[in-house]
Amino acid sequence: MIDNLKAMAIFAETIKRGSFRRAAKFLNLSPSVVSYQISQLEERLGTTLIYRSTRKLSKTTEGEILYNHAIEMLDQAELGLSKVSGHNSAKGKLKITLPISLTGDIITKQFAEFNKQNPHIQLNINYSDTIQDLTADGIDIAFRMGTMPDSSLNTKKIAEMKRTLACSPEYYAKHPVPTCPEDLSDWNWIKHEMLPNTRTLLKDGKRPVQIDLIGNITANSADSMIKFALYGSGIATVAYWLIKDKLKDGSLVHVLPDWQAESLSLYAVWHGNITKTSNTRRLLSFLEEHC
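Residue 175 in the working numbering is what sits at position 175 of the sequence shown, and the numbering runs on without skipping anything.
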């Protein structure tokens, strides 16, 4: 029984990490030991738990059933240990990725507060506008903006991000003063490669207006979009908190201030079947309480 429990824990971590190598690194074992433990477990059970290929691992039907029970077993064991020890101090690592534009946002402040309350959890935070593969890159939780595609990952909306139209005074002066969204249809739009080439503009009491973007600059980060706007390359739609100081000092012009771009949803994305005591669940619960 003890051998089976140990092998189940290794099996669960292998599924969670997506490869023998990543599971071995996390468990401080060699990949051959991880593979051997799972092979022996399969032999004792008389069934295949994992389909192996050169690119990825996938669970069989029996593997899915055992994985769910293994996760529950580890969750209850962790809960029991924390109660017996007399404290509930979380340990381990938590790898997070989120867009560069959120570097100065309140969510970064919340990470800092979470760290103060959980000093034994090592936070590895990667700010990047490149969409990363949670399994392949060993990421526990990602924060992404925009519409989420259907996937096997769990998602939860965290916030709505207000966006503003802005350009440099130099670029603004090259055009007749706009009075409605349609006046912007021939402006040079600075686009984000991860967002659609349309913008929906909203105003109280008015019907939404959708504009097809025409532009010769596409960037992969909000920060670079702001810089191109400052350099007079065109008009950009960016989060208000990123440019409020530039609007105040006049280095950017608030275009059509009575209108605003449709807000962008911020989502948390994480693996399925996380345990109640996992660090991912701890962070999600913390954000739900404080954001």
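By construction, the Cβ of each residue, glycine as well, lies at the ideal position given by its N, Cα and C atoms.
Element boundaries [beta strand (DSSP E), containing residue i]
i: R207; result: Premise fails: R207 is in no beta strand (DSSP E) and is neither H nor E.
i: M8; result: Segment 2-17 is the alpha helix (DSSP H) holding M8; no beta strand (DSSP E) there.
i: S58; result: 57-59
i: A136; result: Taken as a continuous stretch (DSSP letters only), A136 belongs to no beta strand (DSSP E), as it is neither H nor E.
i: T97; result: 92-98
i: N197; result: Neither: N197 is in no beta strand (DSSP E) and is coded neither H nor E.
i: L49; result: No beta strand (DSSP E) holds L49; DSSP gives it neither H nor E.
i: I125; result: 121-127
Proximity test, residue i beta-carbon vs the ligand NAD heavy atom, cut-off 7 Å
i: L66; result: With respect to the ligand NAD, the structure offers nothing, as it holds no ligand at all.
Element boundaries [alpha helix (DSSP H), containing residue i]
i: H290; result: 279-290
i: W241; result: 240-249
i: I38; result: 31-45
i: L264; result: Taken as a continuous stretch (DSSP letters only), L264 belongs to no alpha helix (DSSP H), being part of the beta strand (DSSP E) at 260-270.
i: L230; result: 222-230
i: T164; result: Taken as a continuous stretch (DSSP letters only), T164 belongs to no alpha helix (DSSP H), being part of the beta strand (DSSP E) at 154-167.
i: T218; result: Taken as a continuous stretch (DSSP letters only), T218 belongs to no alpha helix (DSSP H), being part of the beta strand (DSSP E) at 217-219.
i: N115; result: 106-117
i: L27; result: 20-27
Identity of the residue in the options nearest residue i by Cα
i: T277; options: L74, K56, L57; result: L74
i: A9; options: T47, K109, G63; result: G63
i: F286; options: G250, I211, I158; result: I158
i: W187; options: D223, I235, L230, L195; result: I235
i: L252; options: V238, F20, E262; result: V238
i: M194; options: V177, A219, S185; result: A219
i: E13; options: E43, S263, I274; result: I274
i: I2; options: I15, R44, D245; result: R44
i: L230; options: N154, D212, H271, D249; result: D249
i: D245; options: S221, E170, A166, L284; result: A166
i: R282; options: Y67, G92, F26, N28; result: G92
i: E288; options: K56, Q110, S32, W259; result: Q110
i: T164; options: I211, Q260, L284; result: Q260
i: P181; options: S152, T155, Y171, D212; result: D212
i: L41; options: S30, L27, K56, A7; result: A7
i: L284; options: T47, L5, I107, G80; result: I107
i: N279; options: Q122, G205, T103, A222; result: Q122
i: D204; options: P257, A77, E78; result: P257
i: A77; options: L57, A173, L5; result: L5
i: V209; options: S32, L184, T48, L247; result: L184
i: Y172; options: F228, E113, G232; result: G232
i: S39; options: F11, L57, H120; result: F11
i: R52; options: K227, I15, P196; result: I15
i: K56; options: D133, F228, L27; result: D133
Whole-angstrom C-beta distance between residue j and residue i, which should lie under 8 Å
i: I217; j: I190; result: 5 Å
i: G138; j: R22; result: 6 Å
i: I50; j: K59; result: 6 Å
i: T135; j: G272; result: Contact flag wrong, Cβ pair sits at about 11 Å.
i: P169; j: V255; result: P169 to V255, Cβ: 11 Å. No contact.
i: A268; j: K116; result: That belief does not hold up - the Cβ atoms of A268 and K116 are roughly 20 Å apart, past 8 Å.
i: S101; j: A222; result: 4 Å
Cβ-based neighbour list, residue i, same chain, cut-off 8 Å, excluding 5 preceding and 5 following
i: E160; result: S263, L264, S265, L266
i: S30; result: A24
i: S35; result: F20
i: H290; result: Q110, E113
Cβ shell of residue i (< 7 Å), same chain only, five flanking positions each side left out
i: N118; result: A90, R282
i: M225; result: I190, H192, A219, A236, V238
i: H175; result: W187
i: S152; result: G272
i: R207; result: none
Cβ neighbours of residue i in the same chain (closer than 6 Å, five flanking residues each side left out)
i: K162; result: Y240, S263
i: Q37; result: A7, I10
i: W270; result: I141, N154, T280
Segment contact flag, the region 197-211 with the region 122-142, C-beta cutoff 8 Å, min 3 pairs: No, the region 197-211 does not touch the region 122-142.
Contact the region 137-147 vs the region 92-109: 3+ CB pairs below 8 Å: Yes: at least three Cβ pairs fall under 8 Å.
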